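Residue numbers (our numbering): 49 to 845. Before any comments, here is the structure.
Below is the structure:
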């Protein structure tokens, strides 16, 4: 080495280099290391960290030295291991980690990690609590407290392996500990999870003193930081450390909250069908590509997950990363975008080259619409077009032998460039839709399993009831609902000054009033709480609306069995002031469905195409939040008869409305409720069956209805029956609308206050005064108008 240095022309005039200077020359260290599988699958190598031999020199450590492994993005705490330089690893930026270390650190194949030497000796373990299960056992099978340690062969095997592993972390699982089975002349394999480790000293005091050197030279001037690990490490010493077996597999996660919980498909609620499809779509191209070559076709290259926000697309991607034994490369827009031309394209090429190098591999593109927007849209510029072209080129460069799969996710599939969505690129699209009642129940059940059973008191029937009430809620909304209920329970416990905090059904029910479905959050609609009991009379109207709205939900199976379609729309028509709008408000409150109120004139816009876009957006929101109700007040403003002299803009709005209600795309789970006092102005195409199926006349209140209204409105008037009875008032208001009867009560009360600001009751004279200012707005001509409209459709008024 010295001869090479001496022969260098650059060094001719330099002073002679002494031995110490040469020693200080360091190996060029990589900025980070790529996680790859360990070169050894033996249980004894569970804590061994394998690197290129030059890295040992670069880190200034020796084989067997303690090393700290942590993710580059610091999203999880780190773990300890013993470093070993080997010839098998040729690349300097590769680190081989065991399955045990990868799981303990919450790592994935393909993750970027940092390696740092440490100056710390972990305390000796005195007692090690473990949970043992056979490697062939399914999830949590054989974890029922079976005492495997009573078998001396198993205990000896565990002691021997733990002694060679050396460092033990609570929460760590040692996979594949082999024990001779003399009866069957074979070997049994066991997975052992370390639940807790104790020592004679105070763990907290020892843990606080753990340090890690950021600079490899351990000098006084080197900066230090507290050692960041998932759980306190201990050294197992044969003959001094003892083993004991317990069955509480969740113990380390309760005690050490920095331990990462790796997601699995079993954690996903309400997505059983999608998970099954996805598993098959991933397994075949990665693990059985020869099956496709035998048939002379290429394996699927891409899968696109699409669905509304909060339905679990990103969580599903994370499950794929942890469940599938493949090299994972995650791509996000900000991670590859650069201010320099060509760097984003180079980053994409590097990702695909790495995927080919370490196959089987999966490239995950979350929010792909931001990375590859449609080149025909306004969001796409020259830089985006180059990125899309690079992605297309790299996907097409994959041949049949490459075990590389691309998985994308978006909530705006139509915004993704169309060239990506053709066969050969994203071959398969899986919809992650709004969960139905069974899926919501499954999500809630899985969420409650994560909560300590002693902290909530909800029966299965109550959870089902919550699931039935949460129409349009996605998984993220349900998690938010549980969080809000917990906050309410904790707040109640603090206010009661009790140590016990128990979440109940009432907390969940109260949280429902505050947590709205994501799809409805942009619909700023503050509906007043109006109930059927607040509406005087109109018994038949209430009954018909309950049939239209609630019956299809309660008897959905019967509707499907008989092949009967539920009514799609209801038109409420009648004179002004007869509680059409009030009825819609009560329906919104009583039905429990998501309610979108639309005022006809608000849709109209002076810009071409904006009104039609508003209609489409309203129906999109309603579909997303289904089952839902769209209420069009004064619908005649946007649905004028096309035979009249209506403008082309109004006709375009009507056409959009007709297509949305009953066009090529079926409208599912959305009920249209419309109100008008001019039904003849509405285009006949909107009134036909399949759109506004039911036409319900909302007429003036009869005697009983007026009596009911008066009793409700005058409940606090303290009327004396001898002076003036409700029956007499009901007779006085013959022919008045409900609004006029309500106005009479309001004016009478106002007259009493004007006479005496401290009035305690309303008297007959006040009603007589109020009657002078009330005029009947409903005329016989108006009633005949509605009768004529009803007769056109064979209806009875």
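Where a beta carbon is used, it is the ideal one built from N, C-alpha and C, also for glycine. Note that this is a predicted model, so its numbers are computed, not measured.
Check your understanding: Taking the alpha carbon of residue 528 as the point to measure from, which residue in 587, 515, 559, 554 has its own alpha carbon closest?
Key -> For the residues 587, 515, 559, 554, the minimum Cα distance to residue 528 belongs to 559.
Exercise for review: Starting from the C-beta of residue 395, find all residues in its chain whose C-beta is less than 8 angstroms away, skip the five residues before and the five after it, and write them out in chain order.
Suggested key: Close CB contacts of residue 395 within its chain, under the 8 angstroms cut and outside five residues either way in sequence, are with 383, 384, 386 (chain order).
Check your understanding: Out of curiosity, what's the CA-to-CA distance linking residue 641 and residue 519?
Key -> One Cα belongs to residue 641, the other to residue 519, and the distance between them is close to 6 angstroms.
Check your understanding: residue 454 bridges to which residues according to DSSP?
Key -> Residue 454 pairs with 350, 411.
Check your understanding: For residue 499, which of helix, strand or coil comes out of DSSP?
Key -> In the three-state reduction of the DSSP assignment, residue 499 falls in the coil class, being assigned neither a helical nor a strand state.
Point to revise | Nearest to residue 342 (by Cα), restricted to the options 275, 468, 370, 448 | key: For the residues 275, 468, 370, 448, the minimum Cα distance to residue 342 belongs to 448.
Review point. Exposed or buried, what is residue 483 when buried is set at 16 or more other beta-carbons lying within 10 Å of its beta-carbon?
Key: Label assigned to residue 483: buried.
Check your understanding: Hey, how far is the Cα of residue 443 from the Cα of residue 336?
Key -> A straight line joining the alpha-carbon of residue 443 with that of residue 336 spans about 19 angstroms.
Review point. Distance, Cα to Cα, residue 285 vs residue 238?
Key: C-alpha separation (whole angstroms): 21 angstroms.
Point to revise | Cβ-based neighbour list, residue 598, same chain, cut-off 8 angstroms, excluding 5 preceding and 5 following | key: Excluding its 5 nearest sequence neighbours in each direction, residue 598 has C-beta neighbours in its own chain below 8 angstroms: 639, listed in chain order.
**Study point:** beta strand (DSSP E) segments (min. 3 residues) lying fully within the stretch 762-824
**Key:** Qualifying beta strand (DSSP E) stretches: none in this window.
Check your understanding: If you draw a straight line from the C-alpha of residue 303 to the C-alpha of residue 241, how long is it?
Key -> Rounded to the nearest angstrom, the two C-alpha atoms are 15 angstroms apart.
Review point. Residue 181 by DSSP, collapsed to three states: which one?
Key: Looking at residue 181 - three-state DSSP - the assignment turns out to be strand.
Exercise for review: Could you tell me which uninterrupted beta strand (DSSP E) segments, each at least 3 residues in length, are contained entirely in the stretch 322-380, listed from first to last along the chain?
Suggested key: For secondary structure counted as the beta strand (DSSP E) over 3 or more consecutive residues, the stretch 322-380 holds these complete runs in sequence order: 350-354, 375-379.
Check your understanding: Taking the beta strand (DSSP E) that residue 399 falls in, what are its first and last residues?
Key -> For residue 399, there is no enclosing beta strand (DSSP E); the enclosing alpha helix (DSSP H) has its first and last residue at 391-405.
Point to revise | For residue 613, the three-state DSSP class (helix, strand or coil) | key: The answer is coil: DSSP assigns residue 613 none of H, G, I, E or B.
Exercise for review: Please state whether DSSP places residue 153 in a helix, a strand or coil.
Suggested key: Under the three-state reduction of DSSP, residue 153 is assigned to coil, being neither helix nor strand.
Point to revise | Exposure of residue 157, with buried meaning 16 or more beta-carbon neighbours within 10 Å | key: Buried.
Check your understanding: Mind checking whether residue 703 and residue 620 have CB atoms under 9 angstroms apart?
Key -> In this structure, residue 620 does not lie closer than 9 angstroms to residue 703 by Cβ.
Check your understanding: So, using beta-carbon positions, are residue 680 and residue 636 closer together than 9 angstroms?
Key -> Between residue 680 and residue 636, the gap from beta carbon to beta carbon reaches 9 angstroms or more.
Check your understanding: Which residues in the same chain as residue 481 place their Cβ atom closer than 7 angstroms to its Cβ, once the five residues preceding and following it in sequence are excluded?
Key -> The answer, listed in chain order, is 355, 359.
Exercise for review: Count the C-beta pairs between the stretch 118-136 and the stretch 92-103 that are closer than 8 angstroms, then say yes if the count reaches three, no if not.
Suggested key: Judged by pairs of C-beta atoms under 8 angstroms, the stretch 118-136 touches the stretch 92-103, as three or more such pairs exist.
Exercise for review: Use the C-beta contact count for residue 608: other C-beta atoms within 10 angstroms, 16 or more gives buried, fewer gives exposed.
Suggested key: Classified as exposed, residue 608 has fewer than 16 neighbouring CB atoms from the shown chains inside 10 Å of its CB.
Exercise for review: Report the option in 474, 719, 726 whose CA atom is closest to the CA atom of residue 746.
Suggested key: The option with the nearest alpha carbon to residue 746 is 726.
Check your understanding: Hey, would you say residue 403 sits closer than 9 angstroms to residue 435, going by beta carbons?
Key -> No, they are not a contact pair.
Check your understanding: Which same chain residues, not among the five before or five after residue 627, have their C-beta less than 7 angstroms away from its C-beta?
Key -> Counting only Cβ-Cβ distances below 7 angstroms, and skipping sequence neighbours, we find 583, 586, 746, 786.
Review point. Relative to the alpha-carbon of residue 823, which residue among 808, 813, 792 has its alpha-carbon at the smallest distance?
Key: Relative to the Cα of residue 823, the nearest Cα in the group 808, 813, 792 belongs to 792.
Review point. I think residue 503 touches residue 551, with their Cβ atoms under 8 angstroms apart; what is that distance to the nearest whole Å?
Key: The beta carbons of residue 503 and residue 551 sit about 6 angstroms from each other, so the pair counts as a contact at 8 angstroms.
**Study point:** Contiguous alpha helix (DSSP H) assignments of at least 4 residues, all confined to the stretch 608-664
**Key:** Correct list: 628-639, 648-651.
**Study point:** With 16 other Cβ atoms within 10 Å as the buried cut-off, status of residue 159
**Key:** Buried is the label assigned to residue 159, since at least 16 other Cβ atoms lie within 10 Å of its Cβ.
Practice item. Could you check what DSSP says for residue 572 in three-state terms: helix, strand or coil? Key: With a pLDDT of 48 at residue 572, under the threshold of 50, the predicted position of this residue should be treated as unreliable, and no value is reported.
Review point. Which runs of the beta strand (DSSP E) fall wholly inside the stretch 83-124 and span at least 3 residues, in chain order?
Key: Listed in chain order, the complete beta strand (DSSP E) runs (minimum 3 residues) inside the stretch 83-124 are 96-100, 114-119.
Check your understanding: What span of residues does the alpha helix (DSSP H) with residue 207 cover, start to end?
Key -> Taken as a continuous stretch (DSSP letters only), the alpha helix (DSSP H) holding residue 207 covers 200-213.
Review point. According to the Cβ coordinates, are residue 734 and residue 487 closer than 9 angstroms?
Key: At a Cβ-Cβ threshold of 9 angstroms, residue 734 and residue 487 do not count as neighbours.
Practice item. Would you kindly check if the distance between the Cβ of residue 818 and the Cβ of residue 799 is under 9 angstroms? Key: Yes; because the gap between Cβ atoms is below 9 angstroms, this pair is in contact.
Exercise for review: Have a look at residue 714 and residue 224 and give me their C-alpha separation to the nearest angstrom.
Suggested key: C-alpha separation (whole angstroms): 54 angstroms.
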